[in-house]
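A.B. asks: Please read through the structure below; I'll follow up with questions.
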Amino acid sequence: MKVTVVGAGNVGATCADVMAYRKVASQIVLLDIKEGFAEGKALDMMQTATLNGFDGRVTGSTNDYTKTANSDVVVITSGIPRKPGMTREELIGINAGIVEGVTENILKHSPKAIIIIVSNPMDTMTYLALQKSGIDKKRIIGMGGTLDSARFKYYLSQALNVPANDVQGYVIGGHGDTTMIPLTRLATYNGVPVSDMIDADKLAKVAADTMVGGATLTAMLGTSAWYAPGAAVAALVDSILNDHKRLYTCCVALDGEYGQKDICLGVPVIIGKNGWEAIVDFKLTADEQTAFNKSADAVRAMNAVLSTIKA
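Per the working numbering: the sequence shown = residues 1222 to 1532.
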């Protein structure tokens, strides 16, 4: 199985490294526009093969999309972060052009590929990729909710003082500090509702910490995080290539589900060989649905910027 990762920066390279180490794919292609950058990252990874015990092949390419041909899954991490003084409209304008160009080039060489969007603002870039590609909506997946849910489970485990792998929890809605919705009501520890184990104030703090999880790391690191985002993408690719049918929250196209249409937003989905295969209805409470609708409104406001961008 072949996977292409477009963008060999911190997130893209970490994703490729995790996939190689976990033997997710037999072929991994890293592609970047910076001369020699992807090739160098790939060479460095391949020199860990005997140390980490994997036999897959990681190769790098400087903007040569022919090397990506016949990929089963393509991960798009390309784009720039928002810089001081840059408006939201400017960020969307720049990254929209990048994501649109990458999607077009990828589909020329891998017309059957499933595409995972990581580029920010992720909900809007996922919507753009869906609109511009014209492919089956189930082949376009935004990664955000998978990462947000992993952070949620970590913060829950810290509050409970238990292993994170024994905790279940999901974050839905937009992939942003004010748009994501940690579903504290449904969080469990080995089947026991977390709300039975910690008080409401502590649970509210867990939700608040989750919502600013990315910003917290950016303040510490001076740049966006990469270990958890890279691992989140690798987990999605693993579920696709091995048809695991795992449940993750991802940004996908909605057509009436959760009361929303003509938008890509984070909801629980089954991830398998066909991409996202089904949306799972968590039957939100009235308050949760109100929060979800508010999140959708905020994402639509970002999507509206796309119509102002000159072709």
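Note that CB positions come from ideal geometry on N, CA and C, so glycine has one too.
Model, not experiment: these values are computed from the prediction.
(1) Rounded to whole angstroms, what is the Cα-Cα separation between Arg1521 and Gly1318?
(2) Tell me whether the beta-carbon of Thr1235 lies closer than 9 Å to the beta-carbon of Ala1452.
(3) Three or more beta-carbon pairs under 8 Å between the region 1488 to 1496 and the region 1466 to 1478, yes or no?
(4) If you draw a straight line from the alpha carbon of Ser1516 to that of Tyr1479, how long is it in whole angstroms?
(5) Measuring only the C-alpha atoms, how far is Leu1349 from Gly1300?
(6) In the DSSP assignment, what are the bridge partners of Leu1312?
(7) To which residues does DSSP link Ala1499 through a beta bridge?
(8) Report the residue ranges of all alpha helix (DSSP H) runs contained in full by the region 1292 to 1360; include only those spanning at least 4 residues, in chain order.
(9) How many Å lie between Glu1321 and Thr1405 at the Cα?
(10) Please name the residue in Asn1284, Asn1291, Gly1233 and Ile1254 whose C-alpha comes closest to that of Met1222.
(11) In chain order, what residues of the same chain lie with their CB nearer than 6 Å to the CB of Asp1293, ignoring the 5 residues before and after it?
(12) Verify whether the separation of the beta carbon atoms of Tyr1391 and Asp1430 is less than 9 Å.
(13) Using DSSP with H/G/I as helix, E/B as strand and the rest coil, what is Thr1367?
(14) Measuring straight from C-alpha to C-alpha, what distance separates Ala1241 and Gly1277?
(15) With C-beta atoms as the reference, is Pro1414 less than 9 Å away from Ala1408?
(16) Just tell me which of Thr1271, Lys1423 and Glu1498 has its CA closest to the CA of Ile1461.
(17) Given a cut-off of 9 Å on the beta-carbon distance, is the pair Met1401 and Gly1366 in contact?
(18) Does DSSP classify Gln1379 as helix, strand or coil?
(19) Which residue or residues does DSSP assign as beta-bridge partners of Val1279?
(20) Taking only three categories from DSSP, how would you classify Asp1430?
(21) Let me make sure I understand the geometry here. Which of Val1296, Met1343 and Thr1345 has the alpha-carbon closest to that of Thr1324?
(22) Quick one: Cα of Leu1424 to Cα of Gly1261, how far?
(23) Would you mind stating whether Val1245 and Asn1463 have Cβ atoms separated by less than 9 Å?
(24) Quick check: the Cα distance between Gly1233 and Thr1289, rounded to an integer number of angstroms?
(25) Assign Asp1483 to one of three DSSP states: helix, strand, or coil.
(26) Note down the Cα distance separating Ala1385 from Ser1378, rounded to an integer number of angstroms.
(27) Taking Cβ positions, are Arg1243 and Asp1459 nearer each other than 9 Å?
(28) For Cys1471, which residues of its own chain have a beta-carbon under 8 Å away from its beta-carbon, when the five flanking residues on both sides are left out?
(29) So what does DSSP say about Tyr1391, is it helix, strand or coil?
(30) Out of Ile1337, Ile1338 and Val1427, point me to the one whose CA is closest to Ala1371's CA.
(31) Output yes or no for whether 9 Å exceeds the beta carbon distance between Leu1252 and Gly1228.
C.D. replies: Considering the structure as presented:
(1) Position 300 of the sequence shown, counted from the start, is the residue given in the question as residue 1521. Position 97 of the sequence shown, counted from the start, is the residue given in the question as residue 1318. So the two alpha carbons sit approximately 19 Å from each other.
(2) Along the sequence shown, read from residue 1 onward, the residue named residue 1235 stands at position 14. Along the sequence shown, read from residue 1 onward, the residue named residue 1452 stands at position 231. For Thr1235 and Ala1452, yes; Cβs fall inside 9 Å.
(3) A contact between stretches requires three or more CB pairs, one per stretch, nearer than 8 Å, and the region 1488 to 1496 meets this requirement with the region 1466 to 1478.
(4) Translated into positions along the sequence shown, residue 1516 becomes position 295. Translated into positions along the sequence shown, residue 1479 becomes position 258. Roughly 12 Å between the two C-alpha positions.
(5) Sequence index remark: in the sequence shown, residue 1349 carries index 128 (1-based). Sequence index remark: in the sequence shown, residue 1300 carries index 79 (1-based). Taking the straight line joining both Cα atoms gives about 14 Å.
(6) In the sequence shown, counting from the first residue as 1, residue 1312 sits at position 91. According to DSSP, Leu1312 bridges with nothing at all.
(7) On the sequence shown, position 278 is the one that residue 1499 refers to. Note: Ala1499 sits in a beta bridge opposite Ile1491.
(8) Counting whole runs of 4 or more residues, the region 1292 to 1360 contains the alpha helix (DSSP H) stretches 1309 to 1330 and 1343 to 1354.
(9) As a working mapping, residue 1321 is identified with position 100 in the sequence shown. As a working mapping, residue 1405 is identified with position 184 in the sequence shown. C-alpha of Glu1321 to C-alpha of Thr1405: approximately 36 Å in a straight line.
(10) The residue you call residue 1222 lines up with position 1 of the sequence shown. Nearest of Asn1284, Asn1291, Gly1233 and Ile1254 to Met1222, Cα basis: Asn1291.
(11) Indexing the sequence shown from 1 puts residue 1293 at position 72. So the list reads Met1222 and Lys1223, once near-sequence residues are dropped.
(12) If you number the sequence shown from 1, residue 1391 lands on position 170. If you number the sequence shown from 1, residue 1430 lands on position 209. No, Cβ-Cβ distance for Tyr1391 and Asp1430 is not below 9 Å.
(13) Stepping through the sequence shown from its first residue, residue 1367 is reached at position 146. Thr1367 falls in the helix class under three-state DSSP.
(14) As a first step, residue 1241 is located in the sequence shown; it is residue number 20 there, counting from the start. As a first step, residue 1277 is located in the sequence shown; it is residue number 56 there, counting from the start. Whole-angstrom Cα-Cα distance: 6 Å.
(15) Along the sequence shown, read from residue 1 onward, the residue named residue 1414 stands at position 193. Along the sequence shown, read from residue 1 onward, the residue named residue 1408 stands at position 187. Cβ distance < 9 Å, so Pro1414 and Ala1408 count as in contact.
(16) Within the sequence shown, the letter at position 240 stands for residue 1461. Ranked by Cα distance from Ile1461, the first of Thr1271, Lys1423 and Glu1498 is Glu1498.
(17) Taking the sequence shown and counting its residues from 1, the one referred to as residue 1401 is at position 180. Taking the sequence shown and counting its residues from 1, the one referred to as residue 1366 is at position 145. Cβ distance < 9 Å, so Met1401 and Gly1366 count as in contact.
(18) As a working mapping, residue 1379 is identified with position 158 in the sequence shown. Reduced to three states, the DSSP call for Gln1379 is helix.
(19) Here residue 1279 is taken as the residue at index 58 of the sequence shown, counted from 1. Ile1249.
(20) Counting from 1 along the sequence shown, the entry for residue 1430 is found at position 209. It is helical.
(21) Residue mapping note: residue 1324 aligns to position 103 of the sequence shown, counting from 1. When each option's Cα is compared against that of Thr1324, the closest is Val1296.
(22) For the purposes of this step, residue 1424 is taken as residue 203 along the sequence shown, with counting starting at 1. For the purposes of this step, residue 1261 is taken as residue 40 along the sequence shown, with counting starting at 1. Going by the C-alpha atoms only, they are around 44 Å apart.
(23) Numbered from 1 along the sequence shown, position 24 holds the residue referred to as residue 1245. Numbered from 1 along the sequence shown, position 242 holds the residue referred to as residue 1463. It is a contact, given that the beta carbons lie within the stated cut-off.
(24) Indexing the sequence shown from 1 puts residue 1233 at position 12. Indexing the sequence shown from 1 puts residue 1289 at position 68. When rounded, the distance between both Cα atoms is 15 Å.
(25) Counted from its first residue, the sequence shown places residue 1483 at position 262. If DSSP states are grouped into helix, strand and coil, Asp1483 belongs with the strands.
(26) In the sequence shown, residue 1385 corresponds to position 164, counting from 1. In the sequence shown, residue 1378 corresponds to position 157, counting from 1. Taking the straight line joining both Cα atoms gives about 5 Å.
(27) For the purposes of this step, residue 1243 is identified with residue 22 of the sequence shown, where counting begins at 1. For the purposes of this step, residue 1459 is identified with residue 238 of the sequence shown, where counting begins at 1. The answer is yes: Cβ separation under 9 Å.
(28) Here residue 1471 refers to the residue found at position 250 when the sequence shown is read from its first residue. If we look at Cys1471 and ignore the five residues flanking it on each side, its Cβ neighbours are Ile1362, Gly1363, Met1364, Gly1365, Gly1366, Thr1367, Leu1457, Gly1487, Val1488, Val1490, Ile1492 and Trp1497.
(29) Along the sequence shown, one-based indexing puts residue 1391 at 170. Reduced to three states, the DSSP call for Tyr1391 is coil.
(30) Locating residue 1371 in the sequence shown gives position 150, where the first residue counts as 1. With distances taken between Cα atoms, Ala1371 lies closest to Val1427.
(31) Mapped onto the sequence shown, residue 1252 falls at position 31. Mapped onto the sequence shown, residue 1228 falls at position 7. Result yes, Cβ atoms of Leu1252 and Gly1228 sit closer than 9 Å.
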